[in-house]
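Line by line, the protein sequences give chains A and B. Letter by letter, the first sequence follows residues 864 to 975 of the numbering used here. Letter by letter, the second sequence follows residues 111 to 323 of the numbering used here. Glycine is no exception: its CB is placed at the ideal position from the N, C-alpha and C atoms. Bear in mind that the values here come from a model prediction, so they are computed numbers and not experimental data.
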Amino acid sequence: MNQTEALVKRLPNDIGGLPADRIQQTDHQLLPWEKRCHALADVLDFHKIINTEEKRRGVEQLGGEMVGKLTYYERWIVVFAFILFEKGILTPDELAQKMKQVEARNNGQAIT
Amino acid sequence: MATHDHDHEHPKSADEPAPGYYEIMETALRELLIDKKLIGPGEIRRQIEVLDSRTPALGAKVVARAWVDPEFRARLLANGRAVCESDFGISFYDDTQLIVLENTEKIHNVIVCTLCSCYPRPVLGLPPDWYKAKEYRARAVKEPRAVLSEFGTDIPEDVEVRISDSTAMVRYLVLPQRPAGTGNSTEEQLAALVTRDAMIGVVKVNLENRNTL
């Protein structure tokens, strides 16, 4: 199998059976925003806006580099944004504007 | 975590680190969805309460009941979700089925999600980080005995190690073997022996392995 064939046959999530290092028996308490992100995933599923399989596929479509470099909940929140754009529920501009507002509010600045 | 009566964020005090890019994205998405009335203003907080209410102690109660009540065990193995709902009032807030896998003298079960991190969250809470990490997902299906030995678990060669790969719709829970020497224990005492990792299948339940959760 040549190298591009391997890329086609194994999407980034499909790692079952690949060689890997020793298991690091790690765990961490979720940060408050990570727990909110998890709750958001469930609520989006309840409302049939984004289901688990769409989320999983969305993570796959982030590609190997983002999957490798972003943390677990960073991947989720980015995927939610992308899927909401795709479905026409939000626009990138709306999100960018809102993020500016949130950041300004966090810095104690007036919201414009 | 302290619960909050309302969903908006407060300005951060000077000694808290500024929220990063992804946290800001989370807040912005949540607020936009609420503004558009696609989700309710209190729903995220309520779901956090549900998540906080799910711990391995719930799964442990189910396992202990199965150890003491053969009729219950038979029903549990036939339909895990329905029995957890009817007998324990455990709500399955996600749209998943639960298949309970019974360990025996001849079969040792282990669960994994090779594609992502599917896990029986309604009965165990959120998975540990190692369950979601590449190493466990990649190797559990290929060299399960080597993986188990890294958890200090050695399964005799004449026992089949069976790996079940979870999906978005189908989740598994391992029903571990009841340890020897517990004939006089109450259901409650038995439940205290059952750990999260035993219900994933990477360890066995034994009397030295008491639940410290």
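Once you ignore the five residues that flank residue 277 of chain B on each side, which residues in its own chain have a CB closer than 7 Å to its CB?
Non-local beta-carbon contacts of residue 277 of chain B in its own chain, meaning distances under 7 Å to residues more than five positions away in sequence, involve 228 in chain order.
Using a Cβ-Cβ cut-off of 8 Å, state whether residue 962 of chain A counts as contacting chain B.
yes
Starting from residue 194 of chain B, find everything on chain A with Cβ-Cβ shorter than 8 Å and list it in chain order.
The contacting residues do not exist; residue 194 of chain B stays about 18 Å from chain A at best.
Sort A/925, A/889 and A/911 by Cα distance to residue 148 of chain B and report the nearest one.
A/911
Where does the unbroken alpha helix (DSSP H) through residue 158 of chain B begin, and where does it stop?
Counting along the chain, the alpha helix (DSSP H) containing residue 158 of chain B begins and ends at 153–163.
The beta strand (DSSP E) with residue 219 of chain B in it runs from where to where?
217–222
Assign residue 886 of chain A to one of two classes, buried (16 or more other C-beta atoms within 10 Å of its C-beta) or exposed (fewer than that).
So residue 886 of chain A counts as buried.
Just the C-alpha distance for residue 281 of chain B and residue 208 of chain B, rounded to the nearest angstrom, thanks.
Taking the CA atoms as reference points, residue 281 of chain B sits about 5 Å from residue 208 of chain B.
Mind checking which residues open and close the alpha helix (DSSP H) that includes residue 246 of chain B?
244–249
Tell me the DSSP secondary structure of residue 197 of chain B in three-state form.
helix
Please state whether DSSP places residue 281 of chain B in a helix, a strand or coil.
Note: residue 281 of chain B maps to strand in three-state DSSP.
Taking residue 886 of chain A as the query, report the chain B residues whose CB atoms sit under 8 Å from its CB, ordered along the chain.
240, 243, 245, 246, 249, 257, 260 and 261
For the candidate residues A/883, A/899, A/877 and A/969, whose alpha-carbon lies nearest to that of residue 257 of chain B?
A/883
Of all the options B/224, B/159 and B/175, which has the alpha carbon lying nearest to the alpha carbon of residue 895 of chain A?
Ranking the options by Cα distance to residue 895 of chain A, first place goes to B/159.
Counting pairs of beta carbons, one from the region 239–246 of chain B and one from the region 864–877 of chain A, are three or more of them closer than 8 Å?
no
So, with DSSP's three-state summary, where would you put residue 928 of chain A?
Of the three classes helix, strand and coil, the one that applies to residue 928 of chain A here is helix, per DSSP.
Three-state secondary structure (DSSP) at residue 274 of chain B?
strand
Expressed to the nearest angstrom, what Euclidean distance is found between the alpha-carbon atoms of residue 944 of chain A and residue 266 of chain B?
48 Å
What residues in the region 207–230 of chain B have a beta carbon less than 7 Å from any beta carbon of chain A?
224, 225 and 226
Assign residue 922 of chain A to one of three DSSP states: helix, strand, or coil.
helix
Buried or exposed, going by whether 16 or more other CB atoms sit within 10 Å of the CB of residue 156 of chain B?
exposed
Measuring only between beta-carbons, confirm whether residue 906 of chain A sits less than 8 Å from chain B.
yes
Cβ atoms of residue 270 of chain B and residue 314 of chain B: under 8 Å apart, would you say?
no
Tell me the residue span of the beta strand (DSSP E) that contains residue 89 of chain B.
Because chain B is modelled from 111 through 323, residue 89 of chain B falls outside the range shown and cannot be assessed.
Which residues does DSSP list as the beta-bridge partners of residue 299 of chain B?
DSSP output for residue 299 of chain B lists no bridge partner at all.
Give the residues of chain A in contact with residue 129 of chain B, contact being defined as C-beta atoms less than 9 Å apart.
Here the neighbours are 896, 965, 966 and 969.
Taking the straight line between their C-alpha atoms, what separation do you get for residue 291 of chain B and residue 186 of chain B?
24 Å
Confirm, please, whether the CB-CB distance from residue 172 of chain B to residue 198 of chain B is below 8 Å.
Yes. Within cutoff.
Output, in sequence order along the chain, the residues in the region 129–145 of chain B whose CB is closer than 9 Å to any CB in chain A.
129, 130, 131, 132, 133, 134, 135, 136, 137, 138, 139, 140, 141, 142, 143 and 145
Does the CB of residue 252 of chain B have a neighbour CB from chain A at under 8 Å?
yes
If we count Cβ pairs, one from each stretch, closer than 8 Å, do we get three or more for the region 174–194 of chain B versus the region 218–225 of chain B?
With the rule of 3 Cβ pairs closer than 8 Å, the region 174–194 of chain B does not count as touching the region 218–225 of chain B.
Taking CB distances under 8 Å as the criterion, tell me whether residue 889 of chain A reaches chain B.
yes
How about residue 925 of chain A: is its C-beta nearer than 8 Å to some C-beta of chain B?
no
For residue 174 of chain B and residue 304 of chain B, which I take to be in contact (beta-carbon distance under 8 Å), what is that distance rounded to the nearest angstrom?
6 Å
So what does DSSP say about residue 267 of chain B, is it helix, strand or coil?
coil
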